[in-house]
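Chemist: This is the structure, below, for whatever I ask next.
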Amino acid sequence: MMKYGLHHLPTIWPEGYTDAQILEGDGTCEGDLRLWTYILPGTTEKVTVKARTTKQDDDNMTIVLAADEGSDLHAHYKHFTATVKISPKGDGSLVTWIVEFEKHHHEVPDPHLYLALLNTLTEKVDGHVHKDAICKGEIETEVKCNAHKFYECIKYSLHHLPTIFPEAYTDCKLLEGDGKSQGSLRQWKYLLPGSTEEMTVRARTTKQDDKNMAIALCVEEGSSIKEHYKHFTAIVQVIPKGNGSVVKWTVEFEKHGDEIPDPHAYLELFDKLNEKVDAHLHKK
């Protein structure tokens, strides 16, 4: 994808790259020259870069892109080269970006924004490559509780599940963050419906949308679920309905193999969790 598709970045990530042109070559070989128009993270200004592929090492999966004259970043840097290397890691890979640069003067900042741009680019390419492999499952539960009250319980009290639903959740630890903000990492021990085997999951809050009352929890390494699924994200959204609400869980997953079952047991767990949270809130 990095070798053949870099000139398709406006399609893969239109918010970051607004235009791309091949100026020399066919866009797949060493020596090719491309022109991108892009927006750095946290800014609104469109800037351009002309970059030539100065090295393409297929054996080591490494590509080097050197900024040519005519690039906006040459206003700050005499020399700017970005190297991307892809290394296999388990069922996935590790993408390393190395930026080599020389400033015009000491007042010029280090190119942290470019590293942030390249990091997000890596995530967008990964999502683009995997979008056809990601499957979804959904379940909805009608509850009596007010939507805002239910959402606040999910937002602030997920680490209290062993108290709310002790039959399924036997332990919870807060590993990173404050447990109520995006980026928080928790670890739960739990039992799936119909099973007596205790399992472990580490999940990070990757999205917290208070306006739409939606939270995304992405499973990380060290989770039992990773034995069956390469990727597993659970998204919960609370939708007002009359005096109560509808709680919708969406599971996005990618299996290790076709023999792995769809995660119906997890949807059943979340359905029961909705009922337990609703009952817990009505006790108060």
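Anchor point for the sequence shown: position 169 equals 169 in UniProt numbering, and the numbering is continuous, going up by one each time. A virtual CB, placed ideally from N, CA and C, is assigned to each residue, including glycine.
(1) Helix, strand or coil for S223? Go by DSSP, reduced to three states.
(2) Classify D262: buried if its beta carbon has 16 or more other beta carbons within 10 angstroms, exposed otherwise.
(3) Can you pull the DSSP bridge partners for K46?
(4) Taking the beta strand (DSSP E) that E268 belongs to, which residues open and close that run?
(5) Under three-state DSSP, which class holds Y77?
(6) Compute the Euclidean distance between the alpha carbons of Y190 and T28, then round it to the nearest angstrom.
(7) Leaving out the 5 sequence neighbours to the left and right, which residues in its chain are closer than 6 Å to Q21 when beta-carbon positions are compared?
(8) As a quick exercise: from E15, T48, D68, pick the residue whose alpha carbon is nearest that of G31.
(9) Once you ignore the five residues that flank P240 on each side, which residues in its own chain have a CB closer than 6 Å to its CB?
(10) The beta strand (DSSP E) that contains F150, what's its start and end?
(11) So what does DSSP say about G179, is it helix, strand or coil?
(12) CB-CB under 8 Å to residue 285, same chain, minus the five flanking residues each way: which ones, in chain order?
(13) Would a check of beta-carbon distances place D72 closer than 9 Å to chain B?
(14) Would you call residue 285 buried or exposed, if buried means 16 or more other Cβ atoms sit within 10 Å of its Cβ?
(15) DSSP has Y17 in a bridge; who is on the other side?
(16) Please state whether the Cβ-Cβ distance between V99 and S87 is less than 9 Å.
(17) Taking all protein chains shown into account, do 16 or more other C-beta atoms lie within 10 angstroms of the C-beta of residue 290, making it buried, or fewer, making it exposed?
(18) Flag this pair as touching only if the region 113-122 and the region 214-232 have three or more C-beta atom pairs under 8 Å; answer yes or no.
(19) Could you tell me the distance, in whole angstroms, from the CA atom of I164 to the CA atom of K283?
(20) Check whether the Cβ atoms of H264 and K230 sit closer than 9 Å, and answer yes or no.
(21) In terms of alpha-carbon separation, which member of E268, G5, Y38 lies closest to A116?
(22) Among S184, G127, M2, T141, which residue has its Cα nearest to the Cα of E220?
(23) Quick one: what's E24 bridged to in DSSP?
(24) To the nearest angstrom, report how far apart F80 and Q182 are at their CA atoms.
(25) Apart from the five residues on each side of it in sequence, which residues of its chain come closer than 6 Å, Cβ to Cβ, to V246?
(26) Short of 7 Å in beta carbon distance, which residues of its chain neighbour E102, apart from the five on each side in sequence? Order them along the chain.
(27) Within this structure, are the beta carbons of V84 and W97 separated by less than 9 Å?
(28) In terms of alpha-carbon separation, which member of V201, K180, Y151 lies closest to D171?
(29) Check each candidate in K173, K149, Y151, D126 and name the one with the smallest Cα separation from H160.
Modeler: From the atom records:
(1) Looking at S223 - three-state DSSP - the assignment turns out to be coil, as it is neither helix nor strand.
(2) D262 comes out exposed.
(3) According to DSSP, K46 bridges with I39.
(4) Here E268 belongs to no beta strand (DSSP E); instead the alpha helix (DSSP H) covers 264-283.
(5) In this structure, Y77 counts as strand in the three-state DSSP scheme.
(6) Roughly 48 Å separates the two Cα atoms.
(7) Result list for Q21: L35, in chain order.
(8) Of E15, T48, D68, the residue nearest in Cα terms is D68.
(9) A distance below 6 Å between beta-carbons, with the five flanking residues on each side excluded, links P240 to the following residues of its chain, in chain order: A147.
(10) Run containing F150: none in the beta strand (DSSP E); it sits in the alpha helix (DSSP H), 147-157.
(11) Residue state, collapsed to three classes: coil.
(12) In the structure displayed, the chain extends from 1 to 284; residue 285 sits before or after that span and is not available.
(13) The structure shown has no chain B; it contains just one protein chain.
(14) Residue coverage of the chain in this structure runs from 1 to 284, which leaves residue 285 outside it and unanswerable.
(15) Answer is Y38, bridged to Y17.
(16) Going by C-beta atoms, V99 is not nearer than 9 Å to S87.
(17) Since the first residue shown for the chain is 1 and the last is 284, residue 290 is missing from the structure and cannot be characterised.
(18) With the cut-off at 8 Å, the region 113-122 and the region 214-232 do not touch.
(19) Distance between the alpha carbons of I164 and K283: 11 Å.
(20) Their beta carbons are not under 9 Å apart, which means H264 does not touch K230 by this criterion.
(21) Comparing alpha-carbon positions, the option among E268, G5, Y38 lying closest to A116 turns out to be Y38.
(22) Taking the Cα of E220 as reference, the smallest distance to any Cα among S184, G127, M2, T141 is reached at S184.
(23) According to DSSP, which records beta bridges pairwise, E24 is partnered with L33.
(24) So the alpha carbons of these two residues sit roughly 34 Å apart.
(25) Correct list, in chain order: E140, E142, I239.
(26) The answer, listed in chain order, is Y77, K78, H79.
(27) Note that the C-beta distance between V84 and W97 is below 9 Å.
(28) Selected option, being the one with the closest Cα: V201.
(29) Among K173, K149, Y151, D126, the Cα nearest to that of H160 belongs to K173.
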